[in-house]
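These protein sequences, in sequence, are chains A and B. Quick note, the first sequence lines up with residues 2 to 108 if you use this note's numbering. Quick note, the second sequence lines up with residues 195 to 285 if you use this note's numbering. C-beta atoms are modelled at their ideal positions from N, C-alpha and C, and glycine is treated no differently. Everything on this sheet refers to the single structure shown next.
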Amino acid sequence: MTKAHLIDRVAERSSTLTRRQAETAVNAIFGSIRDALQRGEKTEIRGFGSFCLRMRRNKDGRNPKTGETVPVPEKRMPFFKAGKEFKELLNQEPLHKKEEPSEYTAT
Amino acid sequence: MRKADIANHLCETIGVSKAEGMDLVEFVLSSMKLTLQKGEPVKIAGFGNFMVRSKGSRKGRNPRTGEEIAIPPRRVLTFRPSQLLKEHVNS
Numbered sequence: 002m003t004k005a006h007l008i009d010r011v012a013e014r015s016s017t018l019t020r021r022q023a024e025t026a027v028n029a030i031f032g033s034i035r036d037a038l039q040r041g042e043k044t045e046i047r048g049f050g051s052f053c054l055r056m057r058r059n060k061d062g063r064n065p066k067t068g069e070t071v072p073v074p075e076k077r078m079p080f081f082k083a084g085k086e087f088k089e090l091l092n093q094e095p096l097h098k099k100e101e102p103s104e105y106t107a108t
Numbered sequence: 195m196r197k198a199d200i201a202n203h204l205c206e207t208i209g210v211s212k213a214e215g216m217d218l219v220e221f222v223l224s225s226m227k228l229t230l231q232k233g234e235p236v237k238i239a240g241f242g243n244f245m246v247r248s249k250g251s252r253k254g255r256n257p258r259t260g261e262e263i264a265i266p267p268r269r270v271l272t273f274r275p276s277q278l279l280k281e282h283v284n285s
């Protein structure tokens, strides 16, 4: 599924929104998460997961073509962690199978 | 930031009621969840890709007791931020 599919679904479902408005809506949703991250703010969505930032330490990189060492500065990386409910949803056994115990160690 | 804050932002941008904004956010999230549950990736241009990866079984250890336990095969969700998002959070 791409963003375009998602916009189509929103437009199909809603009787009041035009496709253009559906597009604006979908962009606004991801835009607010992005802007929160830019402010250094975490976004927690119940039943889905959370978006936060992780730091990448500065390190020495290498230009693969010349072999020359170049410094790579410290930077922020967007990170997503799926919520518990969502993780469980992904691992639901098909209905005809018996459920397995879900005592996994946390990773 | 929470779901309600996203919904509020949505009300302001497209001029819908708070309830409609909340509905829209819920609908978008559940569509994404359903797609991913089927094992299909969700690709959001300018934001990133969500995809489901299957992991094989492996042996783990209870860190408290040292007891060895089998970790069954499972599916995990990964998010790869797009180049644009990475640049955005560093600007």
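Provide the residue(s) that pair with residue i in DSSP beta bridges, ordered along the chain.
i                : result
Cys53 (chain A)  : A:Phe80
Lys253 (chain B) : B:Ala264
Met245 (chain B) : B:Thr272
Pro72 (chain A)  : A:Asp61
Lys232 (chain B) : In the DSSP output, where bridge partners are listed per residue, Lys232 (chain B) has none listed.
Ile34 (chain A)  : DSSP, once it has assigned bridges, lists no residue as partnering Ile34 (chain A).
Arg196 (chain B) : A:Glu45
Is residue i close to chain B? Criterion is C-beta to C-beta, closer than 8 angstroms.
i               : result
Asn59 (chain A) : no
Arg55 (chain A) : no
Lys98 (chain A) : Residue confidence is low: Lys98 (chain A) scores 46 on pLDDT, short of 50, so the model does not pin down where it sits. No coordinate-derived value is stated.
Asn64 (chain A) : no
Glu89 (chain A) : no
Val85 (chain A) : The residue asked about is misnamed: residue 85 (chain A) is Lys in this sequence, not Val. No, no contact with chain B.
Pro79 (chain A) : yes
Straight-line CA distance for residue i to residue j?
i                : j                : result
Arg55 (chain A)  : Ile46 (chain A)  : 18 angstroms
Arg247 (chain B) : Thr17 (chain A)  : 37 angstroms
Thr19 (chain A)  : Glu261 (chain B) : 58 angstroms
Glu214 (chain B) : Asp9 (chain A)   : 17 angstroms
Ile238 (chain B) : Gly32 (chain A)  : 11 angstroms
Thr272 (chain B) : Asp217 (chain B) : 25 angstroms
Please report whether the beta-carbon of residue i lies at a distance below 8 angstroms from any beta-carbon of chain A.
i                : result
Met195 (chain B) : yes
Ser251 (chain B) : no
Thr207 (chain B) : yes
Lys280 (chain B) : yes
Got a sec? Which residues, its chain only, sit under 7 angstroms from residue i by beta carbon, not counting five neighbours each side?
i                : result
Ile34 (chain A)  : Thr44 and Phe52
Phe241 (chain B) : Ser276 and Leu279
(Q) At a CB distance below 9 angstroms, what residues from the segment 6-29 of chain A approach chain B? Give them in sequence order. (A) His6, Leu7, Arg10, Val11, Arg14, Ser15, Thr17, Leu18, Gln22, Ala23, Thr25, Ala26, Val27, Asn28 and Ala29
Q. Of the residues that make up the segment 219-247 of chain B, which ones have a beta carbon closer than 8 angstroms to any beta carbon in chain A?
A. Val219, Phe221, Val222, Leu223, Ser225, Met226, Lys227, Thr229, Leu230, Gln231, Glu234, Pro235, Val236, Lys237, Ile238, Ala239, Gly240, Phe241, Gly242, Phe244 and Val246
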